[in-house]
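**Q**
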Ligand SMILES: [Fe+2]
Ligand SMILES: [Fe+2]
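Residue numbers (our numbering): 1183 to 1336.
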C-alpha cells in the first residue's frame, strides 16, 4: 500500500470512530428516562474501541512521530489528550445522574473529534508526506484495526 492509501484508511477509521462516539452521545441526550443503557453503550465503546486504539497508536504512529523534531511536542500533547479521554471515560462510568452523564459525554465526544482531527491534519499528514516514513510499516499493531476500513464488509 502507498502512504496515501494507508493515510486515507487511517483518516476513514478516525471518521468512523468520531461518528460512532457522536451518535452514542446523541442517544444519551435523547434518553433521559432510561439513560443507563445509553451511558453503558457509550462507555463500552470508549473502553473497547477508543482507548485500545489510543494505546496501539502510542506504540506505533506516535512513537515514529516523536522522532520528528517538529512533531515531538505535539505528540506529547496528544498522549496527554489520551489520558484526558481516559479520565472522562471514568467520569462517564461514575456519573450519578442523566445530566451529569450526558454532559461528560459531550465533553469526551468533542475532545475526541478535535483530537482525531489533529492526528489527521498534523501527524498523519506529516508522516504521509515524509519520504523516509513508510506508514504501512509504522502501523504495525494498528494494521488489523484498519483492515475493516480498507476492506469494508459487503
Ligand atoms: Fe490519538
Ligand atoms: Fe487515532
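Ideal Cβ positions, reconstructed from N, Cα and C, are used throughout, including at glycine. Quick caveat: nothing in here was measured; it's all calculated off a predicted structure.
Could you check which residue in 1186, 1225 and 1237 has the C-alpha nearest to that of residue 1291?
**A** Working through the chain shown from its first residue, we reach residue 1291 at position 109. Out of 1186, 1225 and 1237, 1225 has the C-alpha closest to the C-alpha of residue 1291.
**Q** Assess, as a yes-or-no matter, whether the segment 1278-1285 is touched by the segment 1200-1218 under the definition of 3 or more beta carbon pairs within less than 8 angstroms.
**A** Judged by Cβ distances under 8 angstroms, the segment 1200-1218 makes contact with the segment 1278-1285, as three or more pairs qualify.
**Q** Count the other C-beta atoms from every protein chain shown that fall within 10 angstroms of the C-beta of residue 1336, then say buried if there are 16 or more, exposed otherwise.
**A** Taking the chain shown and counting its residues from 1, the one referred to as residue 1336 is at position 154. Note that residue 1336 scores 36 on pLDDT, short of 50, meaning its location in the model is unreliable and no value can be drawn from it.
**Q** Determine the direct distance from the alpha carbon of residue 1305 to that of residue 1197, and round the result to whole angstroms.
**A** Here residue 1197 corresponds to residue number 15 of the chain shown, with the count starting at 1. Here residue 1305 corresponds to residue number 123 of the chain shown, with the count starting at 1. Rounded to the nearest angstrom, the two C-alpha atoms are 15 angstroms apart.
**Q** Provide the residue span of the alpha helix (DSSP H) that contains residue 1187, from first to last.
**A** Within the chain shown, numbered from 1, the residue matching residue 1187 stands at position 5. Per DSSP, residue 1187 belongs to the alpha helix (DSSP H) from 1185-1212.
**Q** Near residue 1212, what residues of its chain come up, given a Cβ to Cβ distance below 8 angstroms and the 5 sequence neighbours on each side ignored?
**A** Taking the first residue of the chain shown as position 1, residue 1212 is located at position 30. These residues qualify, in order along the chain: 1220.
**Q** Using a threshold of 7 angstroms, is the CB atom of residue 1199 nearer than that to any non-hydrogen atom of ligand 1?
**A** Here residue 1199 is taken as the residue at index 17 of the chain shown, counted from 1. No, the beta carbon of residue 1199 sits no closer than 7 angstroms to any heavy atom of ligand 1.
**Q** Please name the residue, chosen from 1293, 1204 and 1238, that lies closest to residue 1269 on a Cα-to-Cα basis.
**A** Indexing the chain shown from 1 puts residue 1269 at position 87. Among 1293, 1204 and 1238, the Cα nearest to that of residue 1269 is on 1293.
**Q** Below 8 angstroms CB to CB, which residues in the same chain sit around residue 1240 once its five sequence neighbours on both sides are set aside?
**A** Counting from 1 along the chain shown, the entry for residue 1240 is found at position 58. Same-chain partners within the cutoff: 1261 and 1264.
**Q** Relative to ligand 1, is the shortest distance from any of its heavy atoms to the C-beta of residue 1297 smaller than 7 angstroms?
**A** Start at 1 with the first residue of the chain shown, and residue 1297 comes out as number 115. Residue 1297 Cβ: within cutoff of ligand 1.
**Q** Taking all protein chains shown into account, decide if residue 1191 is buried (16 or more other Cβ within 10 angstroms of its Cβ) or exposed.
**A** As a working mapping, residue 1191 is identified with position 9 in the chain shown. Looking at its Cβ environment, which holds 16 or more other Cβ atoms inside 10 Å, residue 1191 is buried.
**Q** With a threshold of 7 angstroms (Cβ to nearest heavy atom), would residue 1281 be considered close to ligand 2?
**A** Walking along the chain shown from the start, residue 1281 turns up at place 99. Residue 1281 Cβ: outside cutoff for every heavy atom of ligand 2.
**Q** Alpha carbon to alpha carbon, what distance is there between residue 1204 and residue 1222?
**A** Taking the first residue of the chain shown as position 1, residue 1222 is located at position 40. Taking the first residue of the chain shown as position 1, residue 1204 is located at position 22. Going by the C-alpha atoms only, they are around 14 angstroms apart.
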